[in-house]
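The opening residue of the sequence shown carries number 40 in our numbering; numbering runs sequentially from there.
Note that the Cβ used here is the ideal one computed from N, Cα and C, for glycine as well.
Keep in mind the model is a prediction, meaning the values are calculated, not measured.
What follows is one structure encoded as structure tokens, with my remarks underneath.
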Amino acid sequence: MAPALPRRALLQAALLATAAPAMAYSATGRAAAATVPAPSAWTLRPFELKDVRLGQGVFATKRQLMLDHGRGYDVNRLLQVFRANAGLSTGGAVAPGGWEGLDGEANGNLRGHYTGHFLTMLSQAYASTGDQVYADRIRTMVGALTDVRAALREDPVVLGVTGRFGTAQENVRGSYQYVDLPNTVLSGASAITLSAWVKPTHDANWTRIFDFGDNNTRYLYLAARNGSGVPRFAITTNGPGGEQGLNGTAALPLNQWSHLAVTISGSTGTLHVNGTAVATNTSMTLDPAALGTLANNWLGRSNFSTDPVFAGAFDEFNVWSRALTAAEITALQGDRASESPAGRGDLASYDFSETTGGTFTDASGRGLTATLRRTWGAPSHAGFLAAYPETQFIALESMTSGDYTKVWAPYYTAHKILKGLLDAHLATDDDRALDLASGMCDWMHSRLSKLPDATLQRMWGIFSSGEFGGIVETIVDLHSITGKAEHLALAKLFDLDKLIDACAANTDTLDGLHANQHIPIFTGYVRLYDATGETRYLTAAKNFWGMVVPHRMYGIGGTSTAEFWKARGVVAGTISDTNAETCCAYNLLKLSRMLFFHDQDPKYMDYYERALYNQVLGSKQDKADAEKPLVTYFIGLKPGHVRDYTPKQGTTCCEGTGMESATKYQDSVYFRKADGSALYVNLYSPSTLTWSEKGVTVTQTTDYPREQGSTLTIGGGSAAFELKLRVPSWATSGFKVTVNGRAVGGTPNPGSYFTISRTWRGGDTVRVAMPFRLRVEKTPDDPSLQTLFYGPVNLVGRNTSTSYLQAGLYANAALSGDLLPSLTPVSGKPLHYTLGGTEFAPFSEGTEDPTHAYVRRSEPKVVFGTTDSGVANPARSDGTTLLDEIWAGAPFGNKGSLVTRVRATVDSWVSAGLLSRADGQKVVTTAQNAKYVS
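Below you can see the structure in the form of structure tokens.
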């Protein structure tokens, strides 16, 4: 449904509303509020990471790998792209590469996102462990980002480095900086020499040492590399087709000083490299006089807008109104021009010896002061912070379709940076981080609030370019701290009405949408409900969740194929090498958690366990690596797929969310009711909760899921509260609870919470036992394609075959309906089994084995208790077999109950003409004579 008032009116109302002070500071200078206040709409409250300590187990082991990565990775590498963008020294740091660098996918248009993820990971690591090393790294990064924002707000300044003779000017790659010379620099000379010392640091073609022209028709330039990788000089009055040129013979070496000089006299032009003439053209008809006065006279920038900016250093640049002799050019190799026979250039002479400011003095006597500039013009607007200019944000506003090579989700990247800064503030109380985050939102509001609604709707509906991730959630969180009305108004500017309205009406329009572009949107909309009370946000989010789970969900909890959704209920038909983008599971977990705060429907935590214990754990490789976090992007579910833990070119979105997941495994183990009257135990995981408001601790001791249960021990003083234990929906074989050794009355139902209400005292012990059973989950569009679960554990086959494995599971099924007896345990390897010669293991194990997440169910013969009846297993037209229908009646209290079920089912199939009377009798006799596991 549409909002009650037009958005513009709502925004104006929000801005006029009474707001809390922008920021409250204590006398110490620390922000007074270092937590995100829990919304009054939440009937449950989470605990902070510091309140829940992980015990030894699979989660702690996986987390330690990520903690070590966070401790050891050089954060200056992450800061490189930010410092470069601001024209600051990068200290020789090398950008991480991949998506977090200029050479990655789509020209590095997403750079900066990974740094935000890393800040969040460090913040969670510090909150969880209290290890000061993480806080120190956070403060280093926040300090650097503070310097970056300040530099972006000013004109560029000189970055002095060691030059060929003294000090040189460096243009860091990614700074988009160049030197602008006055338009009289060539002075209409008919004879000329242009001479420069350069040290290129990157091998991009067509970067200019100098380019003097009006446009891409009239110009002269010297490129450090042409299309063949060698220096090229050209002059033209008729564009590229009319160029008169000189080409070098070898590439300029990187990170070394090279001298280049071009002379024109009469019809002869000559290119010199390091004192040697490497090219001569005796048929030239053009000289600077033919070009006249030119508008653009640049060092390091091209008149062709798509050419890259020169990356490297300039030492001397001189222009003479004559052609120097070969001897004079040779002499320039060993001395400054001022100390050589040629002397300084009489048209222009720059030493680049400046160490401050943003201008360069001309020593030719003509007073042609040069200015350091950025290609994107004036300083950034107040609050702006990114690893690239504002240009992507500007370009998005006029786009009508996505093109990530030009604009790749700038507001998505802004979200990662914003979230990292907010998390840094919450973890360390660093006011600089809060100021940076608040400034970013001020800047976004100043930009987006000026755009018409139609423009915003178009932007947010564009694939990839308009993606904005979970920015709404983070903005609302920030607003709860700053109290700025502009921040809440900003959050509402990300409303995508067609999506909200469709989901609020429970109309499924997800087919063809990019999955991870849309999942985190709804976590933000839930937070907007918290802040505004507008029910359409919450209704839309709940309905959206139900469109994905289970209708577009794989057994491991993931969703999407090649990043997109297909039609509702199509699962088998989407299985490929590019299923289950890991970010999708990360964001579905966040949404499930958020919805559970409002509505304690156990289905949300059932899903949470499924995705956390399977896809999320399995997405992290069980291996240490200082360079990479080793997290999957896609998880292919195609037979024989091998997980790739170093996906694409690296530093992807999924590696970013993977770092976050691995440092917050404990965030949903326990919740408490808003009034403190109940404690929810959502997950069974070795951990210790410190519930300070109650003065108690709760310690879970378990090896779950290797252990089929858990023990909870109360510590501290006494406290009255309800203990709510989640009964998993798969726990159909029983769920038994004792307190201090005595059984607790009541009937725990699968897919619910079992409540124990009492006054708890230190030493009280709660024992939970929940026997696992092997079951299958069928894909909705092909029931014969199934995945195996043992309790919460998804079991996958390890086999190099690229065809679906055939699996029969009824041969030794237990009276309880448990299919596990048909598998053989592997000695010494918990939760490992063999079936048909193939080993099955937990999906959560981060190995590089070829896996089979789905198998083709095949029960060709009617077999009971390993006894073959000799009768083929018949099937109905919908694929349901005789054995399916018999075992659907499990559990059976005894053998007699099973035989009764067999006889009734056989009679029905014989009557329907699906089974002969003789074969039916054989089936019944076999069932009577077989021996079963109870």
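- Trp482 by DSSP, collapsed to three states: which one? Of the three classes helix, strand and coil, the one that applies to Trp482 here is helix, per DSSP.
- To the nearest angstrom, report how far apart Gly856 and Pro930 are at their CA atoms. Between Gly856 and Pro930, the alpha-carbon positions lie close to 5 angstroms from each other.
- Alpha carbon to alpha carbon, what distance is there between Glu648 and Pro819? Pro819 and Glu648 have their C-alpha atoms spaced approximately 21 angstroms apart.
- Expected contact under 8 angstroms - CB spacing of Leu656 and Lys662 to nearest Å: With 8 angstroms as the limit, Leu656 and Lys662 do not qualify as a contact, their Cβ atoms being about 14 angstroms apart.
- Query: His553 by DSSP, collapsed to three states: which one?
  - Reply: Shown here, His553 sits in a strand according to DSSP, grouped into three states.
- Message: Once the 5 residues before and after Ala61 are set aside, which same chain residues still bring their CB inside 8 angstroms of it?
- Response: No answer about Ala61 holds up, because its pLDDT of 35 lies below 50 and its placement is not dependable.
- Excluding the 5 residues preceding and the 5 following Ala466 in the sequence, name in chain order all residues of the same chain whose CB lies nearer than 6 angstroms to its CB. The beta carbon of Ala466 sits closer than 6 angstroms to those of Ser162, Tyr165, Ala166, all from its chain and outside the five residues before and after it, given in chain order.
- Measure the CB-CB distance between Ala362 and Thr302 and report whether it falls below 7 angstroms. Going by C-beta atoms, Ala362 is nearer than 7 angstroms to Thr302.
- Starting from Phe86, follow its DSSP beta bridges and name the residues at the other end. According to DSSP, which records beta bridges pairwise, Phe86 is partnered with nothing at all.
- Item | Residues that DSSP places opposite Pro881 in a beta bridge | As computed with DSSP, Pro881 is found in a beta bridge with Leu834.
- Query: Among residues of its own chain, excluding the 5 on either side of Ala966, which ones have a beta-carbon nearer than 7 angstroms to its beta-carbon?
  - Reply: Here the set comprises Phe903, Leu937, Val938, Val941.
- Excluding the 5 residues preceding and the 5 following Thr736 in the sequence, name in chain order all residues of the same chain whose CB lies nearer than 8 angstroms to its CB. Excluding positions up to five away in sequence, the list reads Thr727, Leu728, Thr729, Trp730, Ile753, Gly754, Gly755.
- Bridge partners - Leu261, DSSP secondary structure assignment: In the DSSP assignment, Leu261 forms a beta bridge with Phe249, Phe272.
- Message: With a threshold of 6 angstroms on Cβ separation, who are the neighbours of Asp516 within its own chain once the five nearest residues in sequence on each side are excluded?
- Response: Once the five neighbours on either side are set aside, the close Cβ partners of Asp516 are Val75.
- Item | Contact the stretch 196-215 vs the stretch 303-313: 3+ CB pairs below 8 angstroms | These segments do not touch.
- Query: What distance in whole Å lies between the Cβ atoms of Tyr260 and Asn273, which are believed to be in contact at a cut-off of 8 angstroms?
  - Reply: First, the amino acid is wrong: residue 273 is Ala here, not Asn. Contact flag correct, Cβ pair sits at about 6 angstroms.
- Message: Quick check on the burial criterion: 16 or more other C-beta atoms within 10 angstroms. Buried or exposed for Val511?
- Response: Counting the other Cβ atoms within 10 Å of the Cβ of Val511 gives 16 or more, which makes it buried.
- Item | Backbone secondary structure at Ser724 - three-state DSSP | Coil at Ser724, not helix or strand.
- Would the beta-carbon of Gly695 fall within 7 angstroms of that of His108? At least 7 angstroms separates the beta-carbon of Gly695 from that of His108.
- Quick one, which of Glu393, Met323, Gly802 has its alpha-carbon nearest Gly281's? Cα-wise, what sits closest to Gly281 is Met323.
- Which first and last residues belong to the alpha helix (DSSP H) in which Ser823 is found? No alpha helix (DSSP H) contains Ser823, which is instead part of the beta strand (DSSP E) from 821-829.
- Going by CA-CA distance only, name the one from Thr617, Gln688, Thr691, Ile558 that's closest to Leu627. Leu627 has its Cα closest to that of Ile558, out of Thr617, Gln688, Thr691, Ile558.
- Message: Bridge partners for Asn336 per DSSP, in chain order?
- Response: Secondary-structure assignment with DSSP links Asn336 through a beta bridge to Phe251.
- Where does the unbroken beta strand (DSSP E) through Tyr647 begin, and where does it stop? Tyr647: not part of any beta strand (DSSP E); member of the alpha helix (DSSP H) spanning 641-650, first to last residue.
- Query: So what's Ser65 in DSSP terms, helix, strand or just coil?
  - Reply: Because Ser65 sits at a pLDDT of 33, beneath the cut-off of 50, its placement in the model cannot be relied upon, and the following sentence gives the value as read from the coordinates. Three-state result, Ser65: coil.
- Message: Determine whether the beta carbon atoms of Val224 and Ala387 lie at a separation below 7 angstroms.
- Response: Yes, the pair counts as a contact, with Cβ atoms nearer than the cut-off.
- Message: Tell me which residues share the same chain as Asp90 and place their Cβ nearer than 8 angstroms to its Cβ, disregarding the 5 neighbours each side in the sequence.
- Response: Excluding residues within five positions, the ones whose Cβ falls inside 8 angstroms are Leu728, Thr729, Trp730, Ser731.
- Query: Of the choices Tyr451, Asn545, Thr738, whose alpha-carbon is the least far from that of Ser724?
  - Reply: Looking only at Tyr451, Asn545, Thr738, the smallest Cα-Cα distance to Ser724 is reached by Thr738.
- What residues in its chain sit with their C-beta under 8 angstroms from that of Gly396, if we drop five residues either side in the sequence? Around Gly396: Val196, Val197.
- Is the distance from the Cβ of Gln845 to the Cβ of Arg797 below 7 angstroms? Using a Cβ distance threshold of 7 angstroms, Gln845 and Arg797 do not count as a contacting pair.
- Item | Gly68 versus Val172 - alpha carbon distance | Reliability of the predicted coordinates at Gly68 is poor, the pLDDT of 35 falling under 50, and no value is obtained from them.
- Close-in-space but distant-in-sequence residues of the same chain around Ala701 (CB under 7 angstroms, 5 per side omitted): Excluding residues up to 5 positions away in sequence, Lys101, Arg102, Met105, Lys659 lie with their Cβ nearer than 7 angstroms to the Cβ of Ala701 in the same chain.
- Message: In the DSSP output, what is Tyr389 paired with across the bridge?
- Response: According to the DSSP secondary-structure assignment, Tyr389 is paired through a beta bridge with Phe356.
- Message: So, for Thr332: in the same chain, excluding its five sequence neighbours on each side, which residues have a beta-carbon less than 6 angstroms away from its beta-carbon?
- Response: The answer, listed in chain order, is Asn222.
- Message: Can you confirm whether the stretch 543-563 touches the stretch 478-489 when touching is taken to mean that 3 or more C-beta pairs between the two stretches lie within less than 8 angstroms?
- Response: The stretch 478-489 is not in contact with the stretch 543-563.
- Item | Where Ser440 falls, given that 16 or more other Cβ within 10 Å makes a residue buried | By the Cβ neighbour-count rule, Ser440 is exposed, with fewer than 16 other Cβ atoms within 10 Å of its own.
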